[in-house]
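Here's the structure, in C-alpha cells; my notes come after.
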Amino acid sequence: MDYPMHPDLKVGNKFPDFELPDQDGKAQRLSKLIRGFPTVLIFSRGYY
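Residues in the sequence shown are numbered from 21 upward in steps of one, following my numbering.
Rendered as C-alpha cells:
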C-alpha cells in the first residue's frame, strides 16, 4: 500500500508541538524534550 506523506511534513518545516504520555504515564511535551536541538522522531507500532 502506498501512503502519501502529508504536505506539511517536509524537510525544513517545523513539526507541531504535541504532548504524549511516556512509559510511566506522565505527559511529556515535544518542545520540552528536544530543547531546540536537532531531533529525529521515530514512530512504531507494537511492543518490543
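All C-beta atoms, glycine included, are put in the ideal place defined by N, C-alpha and C. Computed from a predicted structure; not experimentally measured.
Beta-carbon separation (whole angstroms), L50 vs D42, contact threshold 8 Å = Not confirmed; about 12 Å, so no contact.
task = Determine the DSSP secondary structure at L40, reduced to helix, strand or coil.
result = Three-state DSSP puts L40 in a strand.
Beta strand (DSSP E) segment containing R49, residue limits = Counting along the chain, the beta strand (DSSP E) containing R49 begins and ends at A47 to R49.
task = Determine the direct distance from the alpha carbon of G32 to that of K46, and round the result to whole angstroms.
result = Taking the straight line from one Cα to the other gives about 30 Å.
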